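Engineer: Sharing a structure, written as structure tokens. Questions coming.
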């Protein structure tokens, strides 16, 4: 179970270029483009599911997120694959639409040449208490493919008791900094049920985070917090990184 | 194409493995790495499932096949891994939040334990691998909480073996087992999806076929 420490903010489209050059100078690294599609699943509403397991421990029904990368070749078109791409894409509908999402979700292994791999994760609500940065546990496994006759990722998720709830694409750039710090500037498009709508109109969601592989690694967690707070100070004036509301980061059912 | 078969000798004693190794030595080329396997059975806790729906799901973890865990339910499979080196590059670059993905069973037994209840776990540890003149033979004694379960043998053909050649090897293995008094054996060579054979999901399916109790 990975521990993710993070801070968030939003910036205007107009501040994007300046922030990119500032972080490039600060980190000594160029921005890296990324694109991914996230699909969120919830326990099937038509099933009666308890909030306890067989040992009578409380286990609240929780969402599962499956994420995979979007090949940049599908997005670039005639544009160059540089840090300006997210801004250019934001001017119009996304070249990948809900048909693309549906084919990923419903193609079985025998039909598809695409890689069928997904990262699966389940997040806890971030830790409570007076903190300066968000601290969230994330359980993550990797699905390499599905098998059997006409078995798509949806078929197997349904077998597990889950149904699809919503989907979105995240396209942006990230920087790798010292102390395993990562900063992502993201644009997000809602692709649920045929939608193709940018939810970050006029700006970018900015996320700075460090992942620590073991929850027991107190020393690394405290180093990560120090690194995040140092970054917060360094970027003051450009971006005001703050701790997100933990309730907004809760992926359990019945809470959002 | 690599083909596989799984043989389970339920009426065995822990000593049957030793006898099996003795008769195998005639065709033995070399001894290879040790291996282990874990076989878990889960039961679905959803109350209002249609009565005809199957409530069982199996997970088979192969330490010797890149730490893959395969879930099998209703002749459907999902192949997962907990090996950092097996995570596809594009996931690492665009998606992953961790360099060490968890075994899928860990997620089932924590986050999804209100839906899936682990019923039993059968383990084979410190298994041995024998390269013989015609097939790769893996053998291990299986144990559950309650004790010894039986002798399990996993057969893998060379890449270029035809179906007939492999059938012969499987038959030879059965004859050898009969020779040491292991007559009542379960064998599975079935494919999960005959129109699209996949070594690892077929192998996992064969485990479920011989170990379903």
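Residue numbers (this note's numbering), protein chains in the order written: chain A, 598 to 853; chain B, 228 to 440. For glycine and all other residues, C-beta sits at the position ideal for the given N, C-alpha and C. Computed from a predicted structure; not experimentally measured.
Could you give the C-beta distance for residue 263 of chain B and residue 354 of chain B, rounded to a whole number, given that I count them as a contact under 8 Å?
Structural biologist: Taking the second chain and counting its residues from 1, one reaches residue 263 of chain B at position 36. Taking the second chain and counting its residues from 1, one reaches residue 354 of chain B at position 127. With 8 Å as the limit, residue 263 of chain B and residue 354 of chain B qualify as a contact, their Cβ atoms being about 6 Å apart.
Engineer: Using only the alpha-carbon positions, how far apart do residue 236 of chain B and residue 816 of chain A sit?
Structural biologist: Here residue 236 of chain B refers to the residue found at position 9 of the second chain. Here residue 816 of chain A refers to the residue found at position 219 of the first chain. Whole-angstrom Cα-Cα distance: 50 Å.
Engineer: Along the chain, where does the beta strand (DSSP E) that runs through residue 805 of chain A open and close?
Structural biologist: As a first step, residue 805 of chain A must be located in the first chain, where it is residue number 208. Counting along the chain, the beta strand (DSSP E) containing residue 805 of chain A begins and ends at 800–809.
Engineer: With DSSP as the reference, label residue 641 of chain A as helix, strand or coil.
Structural biologist: For the purposes of this step, residue 641 of chain A is taken as residue 44 along the first chain, with counting starting at 1. It is coil, neither helix nor strand.
Engineer: Could you check which residue in A:833, A:686, A:841, A:696 has the C-alpha nearest to that of residue 798 of chain A?
Structural biologist: Residue numbering aside, residue 798 of chain A sits at position 201 when the first chain is read from its first letter. The residue with the shortest Cα to Cα distance from residue 798 of chain A is A:686.
Engineer: Taking C-alpha atoms, which residue in A:811, A:694, A:841, A:606 lies nearest to residue 327 of chain B?
Structural biologist: Residue mapping note: residue 327 of chain B aligns to position 100 of the second chain, counting from 1. When each option's Cα is compared against that of residue 327 of chain B, the closest is A:811.
Engineer: Since residue 381 of chain B meets chain A, which of its residues come closer than 8 Å, beta carbon to beta carbon?
Structural biologist: Position 154 of the second chain, counted from the first residue, corresponds to residue 381 of chain B. The premise fails here: residue 381 of chain B is roughly 18 Å from chain A at the closest Cβ pair, so nothing lies under 8 Å.
Engineer: Taking a Cβ distance cut-off of 7 Å, strictly less, list which residues of the stretch 648–661 of chain A are near chain B, in chain order.
Structural biologist: So the close ones are 648, 649, 650, 651, 656, 658, 659.
Engineer: For residue 844 of chain A, does the count of other Cβ atoms within 10 angstroms reach 16, so buried, or fall short, so exposed?
Structural biologist: The count along the first chain starts at 1 and reaches residue 844 of chain A at position 247. Exposed, since its Cβ has fewer than 16 Cβ neighbours within 10 Å.
Engineer: For a cutoff of 8 Å on Cβ pairs, would you count residue 694 of chain A as touching chain B?
Structural biologist: As a working mapping, residue 694 of chain A is identified with position 97 in the first chain. Closer than 8 Å: no.
Engineer: Could you tell me which of B:308, B:283, B:241, B:323 sits nearest to residue 299 of chain B, measuring between CA atoms?
Structural biologist: Position 72 of the second chain, counted from the start, is the residue given in the question as residue 299 of chain B. Per the Cα distances, B:283.
Engineer: Using a Cβ cut-off of 8 Å (strictly closer), state whether residue 735 of chain A contacts chain B.
Structural biologist: As a position in the first chain, residue 735 of chain A is number 138, starting the count at 1. Yes, contact with chain B.
Engineer: When every heavy atom of the ligand MN is checked, does at least one fall within less than 7 Å of the C-beta of residue 231 of chain B?
Structural biologist: In the structure shown, the ligand MN is absent, as is every other ligand, since no ligand is present at all.
Engineer: May I have a chain-ordered list of the alpha helix (DSSP H) segments no shorter than 4 residues that lie completely inside the stretch 687–739 of chain A?
Structural biologist: 695–703
Engineer: Closest Cβ-Cβ distance between residue 633 of chain A and chain B: below 8 Å?
Structural biologist: Mapped onto the first chain, residue 633 of chain A falls at position 36. With 8 Å as the cut-off, residue 633 of chain A counts as an interface residue toward chain B.
Engineer: Taking CB distances under 8 Å as the criterion, tell me whether residue 288 of chain B reaches chain A.
Structural biologist: On the second chain, residue 288 of chain B is found 61 positions in, with the first residue counted as 1. For residue 288 of chain B, the nearest beta carbon of chain A is not closer than 8 Å to its own beta carbon.
Engineer: Go ahead and label residue 260 of chain B buried or exposed: buried means 16 or more other beta carbons lie within 10 angstroms of its beta carbon, across all protein chains shown.
Structural biologist: By 1-based counting over the second chain, the position of residue 260 of chain B is 33. Exposed, by the Cβ-count rule.
Engineer: Beta-carbon of residue 743 of chain A versus every beta-carbon of chain B: anything under 8 Å?
Structural biologist: On the first chain, residue 743 of chain A is found 146 positions in, with the first residue counted as 1. It does: the Cβ of residue 743 of chain A has a partner Cβ on chain B nearer than 8 Å.
Engineer: With which residues is residue 664 of chain A paired in a DSSP beta bridge?
Structural biologist: Numbered from 1 along the first chain, position 67 holds the residue referred to as residue 664 of chain A. A:635, A:716, per the DSSP bridge assignment.
Engineer: Does any CB atom of chain B fall closer than 8 Å to the CB of residue 756 of chain A?
Structural biologist: Here residue 756 of chain A corresponds to residue number 159 of the first chain, with the count starting at 1. Taking Cβ atoms only, chain B reaches closer than 8 Å to residue 756 of chain A, which makes this a yes.
Engineer: State yes or no: is the beta carbon of residue 797 of chain A nearer than 8 Å to at least one beta carbon in chain B?
Structural biologist: Translated into positions along the first chain, residue 797 of chain A becomes position 200. Closer than 8 Å: no.
Engineer: With a threshold of 8 Å between beta-carbons, can residue 752 of chain A be considered close to chain B, or not?
Structural biologist: The sequence position of residue 752 of chain A within the first chain is 155, counting from 1. With 8 Å as the cut-off, residue 752 of chain A counts as an interface residue toward chain B.
Engineer: Alpha carbon to alpha carbon, what distance is there between residue 319 of chain B and residue 837 of chain A?
Structural biologist: Start at 1 with the first residue of the first chain, and residue 837 of chain A comes out as number 240. Start at 1 with the first residue of the second chain, and residue 319 of chain B comes out as number 92. Residue 837 of chain A and residue 319 of chain B: Cα-Cα distance of roughly 28 Å.
Engineer: Applying the criterion that 16 or more other CB atoms from any shown protein chain within 10 Å of the CB defines a buried residue, is residue 633 of chain A buried or exposed?
Structural biologist: The count along the first chain starts at 1 and reaches residue 633 of chain A at position 36. Buried.
Engineer: Tell me which residues share the same chain as residue 427 of chain B and place their Cβ nearer than 7 Å to its Cβ, disregarding the 5 neighbours each side in the sequence.
Structural biologist: As a working mapping, residue 427 of chain B is identified with position 200 in the second chain. The residues are 292, 295, 297, 306.
Engineer: Which residue comes first and which comes last in the alpha helix (DSSP H) that contains residue 613 of chain A?
Structural biologist: Along the first chain, read from residue 1 onward, the residue named residue 613 of chain A stands at position 16. Here the alpha helix (DSSP H) through residue 613 of chain A covers 613–624.
Engineer: Of the choices A:658, A:721, A:741, whose alpha-carbon is the least far from that of residue 315 of chain B?
Structural biologist: Reading the second chain from its first residue, position 88 is the one you call residue 315 of chain B. That would be A:741, whose Cα lies nearest to the Cα of residue 315 of chain B.
Engineer: Residues of the stretch 232–258 of chain B in Cβ contact with chain A at a cutoff of 8 Å, in chain order, please.
Structural biologist: Interface annotation for the stretch 232–258 of chain B against chain A: empty, criterion Cβ-Cβ distance under 8 Å.
Engineer: Listed from N- to C-terminal order along the chain, which residues in the stretch 414–434 of chain B have their beta-carbon within a distance smaller than 9 Å of any beta-carbon of chain A?
Structural biologist: 419, 420, 421, 422, 423, 425, 427, 428, 429, 431, 432
Engineer: Could you give the distance in angstroms between the alpha-carbon of residue 331 of chain B and the alpha-carbon of residue 370 of chain B?
Structural biologist: Looking up residue 331 of chain B in the second chain gives position 104. Looking up residue 370 of chain B in the second chain gives position 143. Cα to Cα, residue 331 of chain B sits roughly 21 Å from residue 370 of chain B.
Engineer: Since residue 434 of chain B and residue 335 of chain B are thought to touch, with beta carbons under 8 Å apart, how far apart are those beta carbons, to the nearest angstrom?
Structural biologist: The residue given as residue 434 of chain B occupies position 207 in the second chain. The residue given as residue 335 of chain B occupies position 108 in the second chain. Between residue 335 of chain B and residue 434 of chain B the Cβ distance is about 17 Å, and since that is not below 8 Å, they are no contact.
Engineer: Answer yes or no: does any C-beta atom of chain B fall closer than 8 Å to that of residue 738 of chain A?
Structural biologist: In the first chain, residue 738 of chain A corresponds to position 141, counting from 1. So yes, residue 738 of chain A belongs to the interface.
Engineer: Name the DSSP beta bridge partners of residue 319 of chain B, please?
Structural biologist: Taking the second chain and counting its residues from 1, the one referred to as residue 319 of chain B is at position 92. Paired residues: none, contrary to the question.
Engineer: Classify residue 700 of chain A as buried or exposed, calling it buried when 16 or more other Cβ atoms lie within 10 Å of its own Cβ.
Structural biologist: In the first chain, residue 700 of chain A corresponds to position 103, counting from 1. Exposed is the call here.
Engineer: DSSP has residue 289 of chain B in a bridge; who is on the other side?
Structural biologist: Taking the first residue of the second chain as position 1, residue 289 of chain B is located at position 62. Answer is B:264, B:295.
Engineer: Which residues in chain A sit within 9 Å of residue 400 of chain B, going by Cβ to Cβ distance?
Structural biologist: Residue mapping note: residue 400 of chain B aligns to position 173 of the second chain, counting from 1. Within 9 Å Cβ-Cβ: nothing; residue 400 of chain B doesn't reach chain A, min ~25 Å.
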